[in-house]
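Student:
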Amino acid sequence: MTIPQRLAALRTAMKAHDLDAYYVADLDPHQSEYVADHWKSRTWLSGFDGSAGTLIVTADEAKLWTDSRYFLQGESQLAGTGIDLMRQGEKGVMTIQKWLNKKLIAGDRLGRDGNIVSVGAANRLEEKLSKRDIEVCYDHDLFADVWPDRPPLPATEALEHDEKFTQETRTEKLQRLRDFMAKNELEHYLLVGLDEIAWTLNVRGNDVEFNPLVLSYLLVHREGATWFCGPERIPGELSRRLKEEGVKIADYADVIPALQRINATDEPLGLDPNLTAACIYLAAGGDRTHQIFSPVARWKSIKGPKEIEHIRASMARDGVALLRLRRWLSEAVNRGTNEVAVSEKLTELRATGANYFGDSFPAIVGYRGNGAIVHYRAEANSCAEIEASGLLLLDSGGQYLDGTTDITRTFALSDPTADEKLHYTLVLQGHINLGMARFPEGTVGRQLDVLARNPLWQHALNYGHGTGHGVGYFLNVHEGPMGIRGNHTKGSSQEALRAGQILSNEPGYYRTGEYGIRIENLVVVKATEPEGWLEFEDLTVFPMERSLVDFSLLSEAQKTWLRDYHAKVEAAILPLLEDEGEIDWLKQACGGW
């Protein structure tokens with residue numbers, strides 16, 4: 127089916143269900159950032175596969191909202207589909223809610239799939255539309271009718287995350303949650319977030335690409351717990367241990383009848399409204415439930431000393447893979463290579479390291495103008511050939527049993543231009559400024575964002591994405607509840623940073639059609655002197671691109687940071703190298719700063 131044919135099929139289904147508009151997003155029942163193919167309905171319907179985007183379809187229009195990271199990608203992928211790109215955040219572009227209020231009239235019906243929309247999102251949308259007497263209907267997953275070859279639900283085997291890698295045992299984590307329940311006078315608490323469940327049970331899986339998760343729900347009781355994932359997916363030894371620790375295994379679909387039974391007893395049950403889908407919420411009793419934000423998100427974000435040491439080790443191995451890729455690239459550009467080949471080579475190199483599980487997200491390999499597409503994804507049939515000239519932006523990461531990595535470097539494949547050096551140096555200055563920050567406890571990410579942007583701002587330049595996101599521990603590469611983003615007054619940027627949390631530091635600059643520049647390290651928040659103050663420690667270990675740095679623009683403090691950082695890189699990676707060529711390359715890349 128072509129995109130216009132898919133839209134026509136959806137409109138036929140809308141008419142059959144008396145719907146005037148339909149709300150389409152790549153969401154799953156757990157509000158995951160990355161979703162299994164079964165729930166990629168927006169991608170299937172529109173052909174747009176960016177990680178952020180919402181599609182609204184009416185009888186005569188189709189519009190897709192996305193943010194600045196995906197404007198160029200959206201223009202390309204939506205061309206000729208009959209779907210209009212709405213550049214979210216730009217002047218004059220209406221929000222989804224305002225557009226719906228203008229487009230729909232009193233008595234019109236907007237459809238959303240209640241199996242995937244969260245209670246919080248549903249309430250917020252209804253509040254915006256109720257004044258116009260627009261009804262929101264949650265009864266229909268129209269894609270069950272119009273998507274003929276829809277992928278089935280994932281069902282990979284679960285694995286136990288060995289306690290040698292974890293700070294706390296499964297029993298200890300469950301007890302923390304029960305203590306929280308007792309404090310809030312709850313008999314039951316439903317965990318919905320897949321990463322929260324994986325963290326709590328010290329389990330991992332492969333149900334979601336790039337995220338080591340198991341599709342499931344976890345219902346924790348004052349005594350015992352029930353993991354709704356499917357008994358056939360749990361290997362024998364893990365199943366035995368779970369049973370010994372009071373965790374029963376049930377089928378994924380059994381969560382709704384289990385919640386209905388609890389609802390019939392009037393026993394208090396808690397759930398997170400921002401993660402729980404409307405259908406689950408209703409099965410649990412709707413307004414009778416206790417809507418309490420999950421404490422696991424914050425607990426999970428704070429890594430313990432044992433985990434941080436493991437992460438340092440995984441970062442060093444990741445640095446070795448990048449070193450080998452950089453050396454390979456220097457030769458490959460002369461004999462011929464392309465963006466996809468670079469991505470595949472890096473995956474191959476990471477896979478040779480200990481504890482490798484997979485990539486943490488699809489690598490962004492953007493040569494020249496493709497680097498200006500912030501979340502560009504190279505495809506085999508259309509990717510750019512890479513020559514020995516220009517800039518290459520490489521944003522990639524790995525999943526290891528002992529850590530999750532995410533690193534961006536910009537490589538100069540020839541002598542850089544004056545503008546390339548200027549822009550790289552401004553980005554580097556912002557990266558260093560944020561990395562050197564010291565701040566009091568209680569500081570939120572929004573307060574720090576300007577440190578990374580200010581060097582660019584002094585030249586009337588900026589970037590459209592956030593400066594930093596949280597990162598999981600052998601979990602999601604994007605993790606809340608914290609983040610660093612200046613233009614958000616709610617959400618992750620208003621969460622106070624805490625010691626033990628890991629975030630990215632990734633300012634950038636993008637010149638459309640010419641090049642993209644981004645520098646990204648992962649940092650851990652740590653306590654410093656005097657008491658009550660915090661700072662960042664770099665975890666990522668890989669050299670910066672010396673040929674792109676204009677040292678005349680750097681302050682003495684920034685130069686000192688570069689010398690100290692590269693000494694750290696060399697100390698971390700050198701013990702893992704035996705090849706003399708690799709050792710020489712590392713010493714040359716890290717010396718003389």
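For the sequence shown, the numbering used here assigns the number 127 to the initial residue and increments by one for each residue that follows. Idealized CB from N, CA, C, for every residue including glycine. On a predicted model such as this, the values are computed, not experimentally measured, just so you know.
1. Please classify T531 as buried or exposed, where buried requires at least 16 neighbouring CB atoms within 10 angstroms.
2. Please confirm whether R494 and E671 have their CB atoms less than 9 Å apart.
3. Residues in the same chain with beta-carbon distance under 6 Å from H164, minus the five sequence neighbours each way, listed in chain order, please.
4. Could you give the first and the last residue of the continuous beta strand (DSSP E) run that contains A538?
5. Going by DSSP in three states, Y641 sits in which element: helix, strand or coil?
6. With which residues is V183 paired in a DSSP beta bridge?
7. Would you list, in sequence order, the uninterrupted alpha helix (DSSP H) runs of no fewer than 4 residues that lie entirely inside the region 309–371?
8. Which residues in the same chain as D710 place their Cβ atom closer than 6 Å to its Cβ, once the five residues preceding and following it in sequence are excluded?
9. Kindly provide the ranges of any beta strand (DSSP E) runs that are 3 or more residues long and lie completely inside the region 552–597, ordered along the chain.
10. Within the same chain, show all residues whose beta-carbon is closer than 8 Å to that of T295, passing over the 5 residues directly before and after it, in chain order.
11. Identify which residue in F197, K228, G206, D392 has its Cα closest to the Cα of E216.
12. Output needed for L136: all residues of its chain with C-beta closer than 7 Å, excluding positions within five of it in sequence on either side, in chain order.
13. To which residues does DSSP link F483 through a beta bridge?
14. For the region 553–569 against the region 624–641, are there 3 or more C-beta pairs whose distance is under 8 Å?
15. For the structure I just gave you, are there three or more beta carbon pairs, one from the region 311–318 and one from the region 448–463, closer than 8 Å?
16. In the DSSP assignment, what residue or residues form a beta bridge with Q525?
17. Give me the Cβ distance between P338 and F483, rounded to the nearest whole Å; I'm assuming they're in contact under 8 Å.
18. Alpha carbon to alpha carbon, how far is A563 from E661?
19. What runs of the beta strand (DSSP E), each 3 residues or longer, lie entirely inside the region 192–217?
20. Specify the secondary structure class of Q417 as computed by DSSP and reduced to three states.
21. In whole angstroms, give me the CA-to-CA distance for Q301 and S427.
22. Would you check if there are 3 or more beta carbon pairs closer than 8 Å linking the region 604–611 to the region 565–576?
23. Which residue wins for smallest C-alpha separation from A514, given the options L539, A506, D521, E505?
24. Please report the residue range of the alpha helix (DSSP H) in which D376 lies.
25. Going by beta-carbon coordinates alone, are G356 and I375 separated by less than 9 Å?
26. In this structure, what does DSSP give as the bridge partners for L653?
27. Taking only runs that begin and end inside the region 419–492, name each unbroken alpha helix (DSSP H) of 4 or more residues, in chain order.
28. Output needed for S194: all residues of its chain with C-beta closer than 6 Å, excluding positions within five of it in sequence on either side, in chain order.
29. Between the Cα of V219 and the Cα atoms of Q203, K189, G237, which residue gives the shortest distance?
30. Can at least three beta-carbon pairs, one atom from the region 577–592 and one from the region 413–426, be found at a separation below 8 Å?
31. Please report the distance separating the alpha-carbon of I558 from that of R414.
32. Among the residues of its own chain, which have a CB less than 6 Å from the CB of V468, if the five just before and after it don't count?
33. Here's the rule I'm using: 16 or more other beta-carbon atoms within 10 Å means buried, otherwise exposed. How should D690 be labelled?
34. Touch check for the region 241–257 and the region 127–143: three-plus C-beta pairs under 8 Å?
35. Out of T326, G516, F668, D210, which one is the CA nearest neighbour of A697?
36. Which residue's Cα is closest to the Cα of K471: E349, Y502, S522, L702?
Tutor: According to the structure data:
1. Buried.
2. No, the pair does not count as a contact, with Cβ atoms beyond the cut-off.
3. Same-chain partners within the cutoff: P277, L279.
4. First-last of the beta strand (DSSP E) with A538: 533–538.
5. Residue state, collapsed to three classes: strand.
6. In the DSSP output, where bridge partners are listed per residue, V183 has Y148, A188.
7. As far as the region 309–371 is concerned, its whole alpha helix (DSSP H) runs of at least 4 residues are 320–327, 362–370.
8. Close CB contacts of D710 within its chain, under the 6 Å cut and outside five residues either way in sequence, are absent.
9. Fully contained in the region 552–597 are the following beta strand (DSSP E) runs of length 3 or more, in chain order: 564–566, 594–596.
10. Listed in chain order, the non-local C-beta contacts of T295 below 8 Å within the same chain comprise E289, N328, local neighbours out to five positions each way being set aside.
11. Here the closest residue by C-alpha is F197.
12. Contacts found: Y148, L171, V183, L268, V272.
13. DSSP lists no partner for F483.
14. Contact between the region 553–569 and the region 624–641 is present: three or more C-beta pairs spanning the two stretches fall below 8 Å.
15. Touching, no.
16. Beta-bridge partners assigned by DSSP to Q525: G484, T530.
17. With a Cβ gap of about 6 Å, P338 and F483 count as contacting.
18. Rounded to whole angstroms, A563 to E661 spans 6 Å at the Cα level.
19. Annotation: the region 192–217 contains the following complete segments of the beta strand (DSSP E) (minimum length 3 residues), in chain order: 210–213.
20. Assigned with DSSP and collapsed to three states, Q417 falls in strand.
21. CA-to-CA, the gap between Q301 and S427 works out to about 18 Å.
22. Here the region 604–611 lies against the region 565–576, with 3 or more beta-carbon pairs under 8 Å apart.
23. Comparing alpha carbon positions, the residue from L539, A506, D521, E505 closest to A514 is L539.
24. It is Ala, not Asp, that sits at residue 376 in the sequence shown. Segment 373–376 is the beta strand (DSSP E) holding A376; no alpha helix (DSSP H) there.
25. It is a contact, given that the beta carbons lie within the stated cut-off.
26. Here residue 653 is Ala; the residue named in the question, Leu, does not match the sequence. Looking at the DSSP output, A653 shares a beta bridge with L660.
27. Secondary structure remark: continuous alpha helix (DSSP H) runs of at least 4 residues inside the region 419–492, in chain order: 422–427, 431–461, 465–477.
28. These residues qualify, in order along the chain: G590.
29. Comparing alpha-carbon positions, the option among Q203, K189, G237 lying closest to V219 turns out to be K189.
30. These segments do not touch.
31. C-alpha separation (whole angstroms): 50 Å.
32. The residues are V491.
33. With fewer than 16 other Cβ atoms within 10 Å, it is exposed.
34. Segment contact: the region 241–257 against the region 127–143, fewer than three CB-CB distances shorter than 8 Å; contact not assigned.
35. For the residues T326, G516, F668, D210, the minimum Cα distance to A697 belongs to F668.
36. Scanning E349, Y502, S522, L702 for the CA closest to the CA of K471 turns up S522.
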